[in-house]
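Working notes, structure below.
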Amino acid sequence: MTDPLFLRDAYQREFSAVITDSRGGAIALDRTCFYPTGGGQPHDTGTLAGRPVTAVSKEGDLIWHTLDGDGPSALSVGAEVVGVIDWARRHSLMRTHTALHVLCGVIWNAYRVPVTGGNMEPLAARMDFEFDPLPEGFGPRVESLVNAELAADRPIVVSFLPRADAVLDADLIRTKVSLVPDSVAEIRVVDIVGLDKQADGGTHVRSTNEVGRIKVVKTESKGKGNKRIRIEVVDG
Ligand SMILES: [Zn+2]
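Residues 76 to 311 in my numbering are what the sequence shown spells out, letter by letter.
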């Protein structure tokens, strides 16, 4: 299996690893800092053995890295390689992912409405909520509530809980811990202390202040009981 180093330390940018499997243009490693596309967060880019990484995906217990271009042909199973992630992109995604969790917490506290879906790019994202219709003045109010929480500099704590404990936690029940597959024995919890707690596999910053600020750029209806909010993340 591939040890996903990013789950324990989102700030690690470089690592060495051993190639455990390979196939046309892609390699699997025994460990990696490269985040694979999933959970609404896009994959990292960067280099492995100096070659550009253009895609990262998780298949079963393995994380596969697609390599671009011609490079050293010595990328065979058993070889050791050094990986470096594109930190500007990753850190932007960390800020964006944390901003979305703050948005979830704020909307729950203000309206008691759950999230139904979402997606992100570096510094831009959308999230869907179960509103019908959207409340008057929704966009500006949410922007100001989110920015107040970001400025409050709340710490973000990542922990690992046995499934039996996680399913009893009221906050985790609200954020649908039940959707985590039964096969997962240990649940990774991302806690924006005092605001939002979710079972989550993404990479986050250490405190809300590191996100900066958000702008609500659009709100739109995607049908009955489904309203979309688009945000951008900007420097504080
Ligand atoms: Zn998340």
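Using N, Cα and C, we set each Cβ at its ideal position, and we do this for glycine too.
Any heavy atom of ligand 1 closer than 7 Å to the CB of residue i?
| i | result |
| --- | --- |
| G298 | no |
Which residue's Cα is closest to the Cα of residue i: the options?
| i | options | result |
| --- | --- | --- |
| D119 | A241, H176, C108 | C108 |
| G100 | K302, A92, R88, H140 | H140 |
| D246 | A274, V259, A223, D228 | A274 |
| T250 | L236, G180, G135, L80 | G180 |
| E315 | M202, L142, G113 | Outside the modelled stretch of the chain, which goes from 76 to 311, sits residue 315, for which no answer is possible. |
| G277 | V157, R216, D266 | D266 |
| S132 | L123, V177, P117, R238 | P117 |
| F204 | Y86, L243, R303, R126 | R303 |
| G269 | A185, V242, I231 | I231 |
| K290 | D244, S219, N301, P256 | S219 |
| V128 | M195, D136, I160, S296 | I160 |
Can you grab the Cα-Cα spacing for the pair residue i / residue j, in whole Å?
| i | j | result |
| --- | --- | --- |
| F235 | V259 | 11 Å |
| V221 | P215 | 10 Å |
| L150 | D105 | 14 Å |
| G115 | E261 | 21 Å |
| A92 | S282 | 29 Å |
| V177 | R88 | 25 Å |
Do residue i and ligand 3 come close, with the Cβ less than 7 Å from some heavy atom?
| i | result |
| --- | --- |
| A92 | Of the ligands one can find in the structure shown, namely ligand 1, none is ligand 3. |
**Item:** Check your reading: residues with Cβ closer than 5 Å to ligand 1 heavy atoms
**Value:** D275, G277
**Prompt:** Along the chain, which unbroken stretches of the beta strand (DSSP E) at least 3 residues long are found entirely within the stretch 229-261?
**Reply:** Runs of the beta strand (DSSP E) spanning 3 or more residues and lying entirely within the stretch 229-261 occur at 231-237, in chain order.
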